[in-house]
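See below for the structure under consideration.
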Amino acid sequence: MALLFDAIIVGGGPAGAAAAKACAEGGLRALLVERNALPRSKACSGILVRASVDLVSRHFGAIPPDVLAEPATLQSLRMHFPSGRTLDVPLGGAFVRRGPFDQWLRRAAGVEISEGTTARSFEESADAVTVQCTRGPGEALVVQGRVLIAADGGTSRIVRATAPERHGRLAWYTALQEAWTAPCGLEPGCFHFFAYPSISPYASAYVKDGKTVLEVVAAAGDSAKAAMSRFSELLKRDFGLGEGGRRVCRLGCRVAYAATRGLFCFGSGRILVAGEASGLLNPFGEGISSALASGRIAGEAAVRALRESRVPGDLYRAAVEVERQRTLRQFRYGGYFAGRNVTFDVRKGLSALPVTGRIGVVADLLGWLASLGGPEGPRPEGRLGSR
Ligand SMILES: Cc1cc2nc3c(=O)[nH]c(=O)nc-3n(C[C@H](O)[C@H](O)[C@H](O)COP(=O)(O)OP(=O)(O)OC[C@H]3O[C@@H](n4cnc5c(N)ncnc54)[C@H](O)[C@@H]3O)c2cc1C
């Protein structure tokens, strides 16, 4: 016998928590299903850009001190180029510990939560969606909702089931994050991004809670561990990454940039897909702001649809278009120079440099962008019109 709810939300990251909060505020009886029981570890830097901070403070209130990292904010995204030049792009926002942050968000959402519960499969009928879950070692749980909000992250099982062809059409990268006790000469308070295509399309390092954290994304045909080893060698040679440190954490995950191929997937009918599951992720790997925004939009669409006895899919797809457009804009790299991109204001960073330095850095940036696919970046190849 299935437990009955208005809405079932699968995934307790930022998208799921934001959806749950909107459902609770709209008076829906909602259940949030999260496969992890404890604050989970997620390969993520934990930077909340200003848009994320605005959404969190508007819908959840002030971020508790124990969720904030040390330092609690990063002043800039410092881009390092092989020429030795650097560019500081103002950052601000907040710097959080992902496990406690996600747990705080989902507990503040005000819906029933089933942690340690994995959604395995689902079935959609004319007026409901039934979800088969397992809890703990093999205990079955069957839940039913009039709406299913899939917020189960970039490798979403629900999206794979609803649009199996999409998964194979995406280019998947492996991201690897390591935290070391070894000290480093990198300036704390900055997110150091290394625009070194010979190391990785995305290599970054920063100091967080007294540890040095390194992140790489492996390009097609490369191994993430090999990219990490090249990166740590560079940091040892040029930035004083200390010997003798101990690795305290290694996390990996798979990432795909759906926007570059137009492969977003927002669901249809009674299934709404939010957050990274839908493909919302910007080229710098920033995804929390759109997870919070699209989760909120999905929750609001569910509330409105149930109030007006409508099917929520169309409402959601129309309302989430603003987030789809925002993500696409961030892949048009010309906007970074024109100051049209509010997430990372490259123009502001450039204007702080002396004219000669600016010319060199623009040349570095263009060289790096060319290595990624040209100043306008990879172009969307059309949309997967289905779910
Ligand atoms: C190395 C790296 C660094 C990053 N740094 C940043 C950053 O600094 N700032 C930023 O904004 N973004 C960053 N991102 C991106 C960001 O982490 C994601 O875009 C964001 O977490 C997406 O949120 P979400 O809620 O959609 O999904 P997730 O945060 O992935 O949450 C999905 C949740 O669903 C749960 N789940 C999955 N499947 C099931 C299932 N079957 N049943 C039940 N539960 C399930 C998972 O356990 C998880 O809790 C980074 C990504 C990477 C890889």
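Numbered by our numbering, the letters in the sequence shown go through residues 46 to 432 in order.
Every residue gets a Cβ at the ideal spot worked out from N, C-alpha and C, and that includes glycine.
This structure is a prediction, so every number in the text was calculated from the model and none was measured.
ask   = So does Q375 have its beta carbon nearer than 8 Å to some heavy atom of ligand 1?
value = no
request  = Starting from the N-terminal side, write out each stretch of the alpha helix (DSSP H) that is 4 residues or longer and does not extend beyond the region 280–353.
outcome  = 333–352
ask   = By DSSP, does M46 sit in helix, in strand, or in coil?
value = coil
query = How many whole angstroms separate the CB atoms of A41 and Y218, which I take to be in contact at a CB cut-off of 8 Å?
reply = With the chain running from 46 to 432 in the structure shown, residue 41 is simply not present.
query = Could you give the distance in angstroms between the alpha-carbon of F236 and the alpha-carbon of I158?
reply = 34 Å
request  = Would you grab the beta carbon distance between A196 and G58 for me? Rounded to a whole angstrom, and I think it's under 8 Å.
outcome  = 6 Å
task = Report the option in A336, P328, G307 and T372 whose CA atom is closest to the CA atom of E321.
result = A336
ask   = Under the DSSP definition of a beta bridge, which residues are partnered with V55?
value = V78 and A195
Nearest-angstrom beta carbon gap, V356 and G402 [assumed within contact, 8 Å] = Their Cβ separation, rounded to whole angstroms, is 56 Å, which puts G402 and V356 out of contact at 8 Å.
inquiry  = Rounded to the nearest angstrom, what separates A62 and G405 at their Cα positions?
reply    = 44 Å
query = Which stretch, first to last residue, makes up the beta strand (DSSP E) that contains E157?
reply = E157 to E160
task = Return the chain-ordered list of same chain residues with a C-beta closer than 7 Å to the C-beta of R165, the five sequence neighbours on each side being excluded.
result = Q177, C178 and T179
task = Please classify A62: does DSSP put it in a helix, a strand, or coil?
result = helix
query = When the Cα atoms are used, what is the spatial distance from G515 to L395?
reply = In the structure as shown, the chain starts at 46 and stops at 432, and residue 515 therefore has no counterpart that could be examined.
inquiry  = Among I194, W225, R362 and G297, whose alpha-carbon lies nearest the alpha-carbon of A9?
reply    = Residue 9 lies beyond the residue range present for the chain, which begins at 46 and ends at 432; the question has no answer from this structure.
Helix, strand or coil at G181 according to DSSP, with G and I counted as helix = coil
task = Determine the DSSP secondary structure at S416, reduced to helix, strand or coil.
result = helix
key: P228 and G312 closer than 9 Å at C-beta   = no
query = Is the closest heavy atom of ligand 1 to the C-beta of C294 under 8 Å?
reply = no
message = Are the CB atoms of L296 and K87 within a distance shorter than 9 Å?
response = yes
key: Buried/exposed call for R123, threshold 16 Cβ in 10 Å   = buried
query = Hey, A240 and F126: beta-carbon distance below 9 Å or not?
reply = yes
message = Out of L150, L100, L93 and T257, which one is the CA nearest neighbour of E79?
response = L150
message = Between A69 and V134, how many whole angstroms is the CB-CB distance? I'm expecting something under 8 Å.
response = About 36 Å separates the two Cβ atoms, so there is no contact after all.
ask   = Who pairs with Q120 in a beta bridge, going by DSSP?
value = Answer is none; Q120 lacks a bridge partner.
With 16 other Cβ atoms within 10 Å as the buried cut-off, status of P246 = buried
task = Please state whether DSSP places S90 in a helix, a strand or coil.
result = coil
Inter-residue spacing [alpha-carbon to alpha-carbon] between A75 and A364 = 21 Å
key: R355 - DSSP class collapsed to helix/strand/coil   = coil
task = Confirm the yes/no value for this check: CB of G183, any heavy atom of ligand 1, distance under 8 Å.
result = no
query = With DSSP run on the structure shown, which of helix, strand or coil describes A224?
reply = strand
ask   = Apart from the five residues on each side of it in sequence, which residues of its chain come closer than 6 Å, Cβ to Cβ, to P233?
value = V252
query = In the structure shown, what three-state DSSP assignment does L398 receive?
reply = coil
ask   = Rounded to whole angstroms, how far is the Cβ of C294 from the Cβ of E210, which I believe are closer than 8 Å?
value = About 35 Å; that fails the 8 Å criterion.
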